[in-house]
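Colleague: Pasting in a structure now, in structure tokens, and then I'll have a few things to ask.
Protein chains: 2
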Amino acid sequence: MDIALDRAVRVFSERGYHGTSITDLTHVMNLAQGSIYKAFKDKQGVFLAAFQRYRSIRTEKLRKAIGDSGSGLERLRRALGFYVESAHGEEGRQGCLVVGSAAEISTFDLEVARHITTALERNEALLTDLVRQGQNDGSIPSHVDSETSARMMLCLVQGMRVVGKTGRSRDDMQAVVDIAIKSLH
Amino acid sequence: MDIALDRAVRVFSERGYHGTSITDLTHVMNLAQGSIYKAFKDKQGVFLAAFQRYRSIRTEKLRKAIGDSGSGLERLRRALGFYVESAHGEEGRQGCLVVGSAAEISTFDLEVARHITTALERNEALLTDLVRQGQNDGSIPSHVDSETSARMMLCLVQGMRVVGKTGRSRDDMQAVVDIAIKSLH
DNA sequence: TTGAATCGGAAACGATCATTTCCTATATAT
DNA sequence: ATATATAGGAAATGATCGTTTCCGATTCAA
Chain A
125 MDIALDRAVR VFSERGYHGT SITDLTHVMN LAQGSIYKAF KDKQGVFLAA FQRYRSIRTE
185 KLRKAIGDSG SGLERLRRAL GFYVESAHGE EGRQGCLVVG SAAEISTFDL EVARHITTAL
245 ERNEALLTDL VRQGQNDGSI PSHVDSETSA RMMLCLVQGM RVVGKTGRSR DDMQAVVDIA
305 IKSLH
Chain B
125 MDIALDRAVR VFSERGYHGT SITDLTHVMN LAQGSIYKAF KDKQGVFLAA FQRYRSIRTE
185 KLRKAIGDSG SGLERLRRAL GFYVESAHGE EGRQGCLVVG SAAEISTFDL EVARHITTAL
245 ERNEALLTDL VRQGQNDGSI PSHVDSETSA RMMLCLVQGM RVVGKTGRSR DDMQAVVDIA
305 IKSLH
């Protein structure tokens with residue numbers, strides 16, 4: 125079932141919620157319509173399950189990319205590098221499910237909207253933590269406003285996912301991130 | 125007709141292309157379905173007309189915000205300030221038609237996709253010009269990579285429009301932009 | 001005055017949508 | 001061996017979609 129959900133993640137990321145039909149989902153998930161409704165209740169149920177799965181996989185991968193070693197600045201750099209990897213090539217064009225969902229947020233009910241908002245807030249909180257860790261270990265100056273810097277990084281990586289939809293190179297994205305890191309000095 | 129198109133821009137920005145039906149368009153544009161089809165050929169025609177109008181209005185407003193006076197850095201600052209104004213409050217939640225369209229880009233034909241890609245490229249070119257003007261008049265150091273900095277600003281402002289959909293304050297957004305400006309030193 | 005052209009829009013059309021119903025096959029329990 | 005439960009999915013359903021057709025009102029020209 126996880127494989128089916130992963131494919132649902134992919135098609136929702138590519139096409140958005142409204143641009144994806146149940147027929148599209150049956151094709152990518154290799155399930156009939158009746159089976160989808162038995163497993164997920166309705167289309168929004170599939171979407172929410174895909175969204176949660178996307179969130180948990182991405183968080184796990186991000187934590188692995190950040191690692192345990194190194195200074196806060198190095199770990200922030202690795203976090204941003206993780207986003208660079210996602211923002212170019214095939215994965216870049218596929219897009220980010222959170223960004224795509226935020227673009228359509230006004231069409232969802234409050235429950236779904238809250239999931240989307242929470243996802244962004246959690247990303248921001250994680251980035252804030254990294255900046256603070258850097259300030260604690262001296263790799264990031266303490267005069268830096270950790271919340272604003274984290275918010276800047278959040279906007280930047282979300283924007284990289286938008287621009288990545290139209291095709292950009294890995295080097296271009298990495299250079300962008302390098303400048304952003306410099307702003308912390 | 126321009127008023128009708130402005131309203132089409134708004135509903136497409138809020139809901140995306142696929143989240144907006146012809147019935148939605150008839151309501152906001154105060155035109156019957158038959159009239160819409162006489163004026164625009166089809167739904168995609170309405171969308172493209174709205175997209176062009178959005179682009180031309182935004183470019184005009186941005187140029188006015190940038191102005192003619194001041195250093196390149198000041199004009200870049202005003203450009204980013206323009207985006208700050210768009211990224212919070214009611215307009216922030218409405219979203220950006222270019223960002224929303226980029227999120228759904230895989231569902232469009234090549235003609236529409238090219239319009240979207242071109243819009244991002246033109247934004248980037250404008251920002252690159254501003255950075256270069258700053259380097260020419262000495263307000264931005266010449267060691268700064270103008271293309272990468274501009275690309276960073278592009279990603280940042282697109283990301284601000286994504287995050288702005290979930291509601292952010294003007295001050296928060298302004299602070300983000302202030303840090304980005306600092307990265308040019 | 002009359003007929004034709006134009007305009008705006010109501011209604012219809014065929015297709016696709018999300019969802020439900022019902023059928024067949026398989027597995028399990030007695 | 002038989003009956004019941006479960007699983008997967010084909011087909012149907014009612015609603016909505018994007019688009020087309022056609023109608024009535026108004027305007028204009030002869």
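Residue numbers (the numbering used here), protein chains in the order written: chain A, 125 to 309; chain B, 125 to 309. Glycine included, C-beta positions come from ideal geometry on N, C-alpha and C.
Would a C-beta distance cut-off of 8 Å place B/R177 and B/L129 closer than the cut-off?
Modeller: Against a cut-off of 8 Å, the Cβ pair of B/L129 and B/R177 comes out as a contact.
Colleague: Compare the C-beta of B/T147 with all C-beta atoms of chain A and state if any pair is closer than 8 Å.
Modeller: Chain A, which has no Cβ nearer than 8 Å to the Cβ of B/T147, makes this no.
Colleague: When Cβ atoms are compared, which residues of the stretch 229-261 of chain B fall closer than 9 Å to chain A?
Modeller: Against chain A - using a Cβ distance shorter than 9 Å - the residues of the stretch 229-261 of chain B are I229, S230, T231, A237, I240, T241, L244, E245 and E248.
Colleague: Which first and last residues belong to the alpha helix (DSSP H) in which B/V287 is found?
Modeller: Here the alpha helix (DSSP H) through B/V287 covers S270 to G288.
Colleague: How big is the Cα-Cα spacing for A/L254 and B/V255?
Modeller: Between A/L254 and B/V255, the C-alpha separation is close to 30 Å.
Colleague: Quick one: which chain A residues come within Cβ less than 7 Å of B/M153?
Modeller: Result: empty, since nearest Cβ-Cβ is about 18 Å, beyond 7 Å.
Colleague: Tell me whether B/T144 sits in a helix, a strand or coil according to DSSP, three-state version.
Modeller: Of the three classes helix, strand and coil, the one that applies to B/T144 here is coil, per DSSP.
Colleague: Is there a C-beta anywhere in chain B that falls below 8 Å from the one on A/V286?
Modeller: Output row for A/V286: interface = yes.
Colleague: Quick check on the burial criterion: 16 or more other C-beta atoms within 10 angstroms. Buried or exposed for A/L234?
Modeller: Exposed, since its Cβ has fewer than 16 Cβ neighbours within 10 Å.
Colleague: Based on Cα-Cα distance, which residue from B/A243, B/R294 and B/F232 lies nearest to B/L278?
Modeller: It is B/A243 whose Cα lies nearest to the Cα of B/L278.
Colleague: Check each candidate in A/K289, A/T290 and A/V281 and name the one with the smallest Cα separation from A/F299.
Modeller: The question names Phe, yet the displayed sequence has Ala at residue 299 of chain A. Here the closest residue by C-alpha is A/V281.
Colleague: Consult DSSP for A/H239 and reduce its assignment to one of helix, strand or coil.
Modeller: Residue state, collapsed to three classes: helix.
Colleague: Listing by chain order, which chain B residues have their CB less than 9 Å from the CB of A/R201?
Modeller: Chain B residues near A/R201: none, gap ~15 Å exceeds 9 Å.
Colleague: What runs of the alpha helix (DSSP H), each 4 residues or longer, lie entirely inside the stretch 176-246 of chain A?
Modeller: The stretch 176-246 of chain A contains these whole alpha helix (DSSP H) runs: 196-211, 213-218 and 221-227.
Colleague: Give a yes or no on whether the minimum CB-CB distance between B/S307 and chain A is below 8 Å.
Modeller: Answer yes: the Cβ-Cβ gap between B/S307 and chain A drops below 8 Å somewhere.
Colleague: Just to confirm, is the Cβ distance from A/G291 to A/R179 under 8 Å?
Modeller: Against a cut-off of 8 Å, the Cβ pair of A/R179 and A/G291 comes out as no contact.
Colleague: In the structure shown, what three-state DSSP assignment does B/A128 receive?
Modeller: Correct three-state label for B/A128: helix.
Colleague: Return the CA-CA distance between A/G196 and A/H267, expressed in angstroms with no decimal places.
Modeller: One C-alpha to the other measures close to 15 Å.
Colleague: Does A/R246 pass the burial test, meaning 16 or more other C-beta atoms within 10 Å, or should it be called exposed?
Modeller: It is exposed - the Cβ of A/R246 has fewer than 16 other Cβ atoms within 10 Å.
Colleague: What does A/V300 reach in chain B if we use C-beta pairs closer than 8 Å?
Modeller: Under the 8 Å cutoff, chain B gives T272, R275, M276 and C279.
Colleague: Which residues in the same chain have their Cβ closer than 6 Å to the Cβ of B/A237, if we skip the five residues on either side of it in sequence?
Modeller: Excluding residues within five positions, the ones whose Cβ falls inside 6 Å are I229.
Colleague: Would you call the stretch 158-170 of chain B and the stretch 133-149 of chain B touching, i.e. three or more CB-CB distances under 8 Å?
Modeller: The stretch 158-170 of chain B is in contact with the stretch 133-149 of chain B.
Colleague: Under 7 Å Cβ to Cβ from B/H212, same chain only, skipping five residues before and after it: list those, please.
Modeller: G288, R292, S293, R294 and M297.
Colleague: Anything in the stretch 134-146 of chain B with a Cβ closer than 7 Å to a Cβ of chain A? List those residues in chain order, please.
Modeller: Under the 7 Å Cβ criterion, the stretch 134-146 of chain B contributes E138, R139, G140, H142 and G143.
Colleague: Please list the partners that B/T150 has in chain A, where partner means a Cβ-to-Cβ separation under 9 Å.
Modeller: What B/T150 touches in chain A: nothing, since even the nearest Cβ is about 18 Å away.
Colleague: With a 10 Å radius around its C-beta and 16 neighbouring C-beta atoms as the bar for buried, classify A/Q157 as buried or exposed.
Modeller: By the 10 Å Cβ count, A/Q157 comes out exposed.
Colleague: For a cutoff of 8 Å on Cβ pairs, would you count B/T290 as touching chain A?
Modeller: Chain A contact via Cβ: present.
Colleague: Going by the beta-carbon positions, is the gap between A/S273 and B/I303 smaller than 8 Å?
Modeller: In contact: A/S273 and B/I303 (Cβ atoms closer than 8 Å).
Colleague: Got a sec: is the Cβ-Cβ distance from B/A304 to anything in chain A below 8 Å?
Modeller: True, the Cβ-Cβ gap to chain A drops below 8 Å.
Colleague: How far does the alpha helix (DSSP H) with B/G158 in it reach, from first residue to last?
Modeller: Start and end: Q157 to F164.
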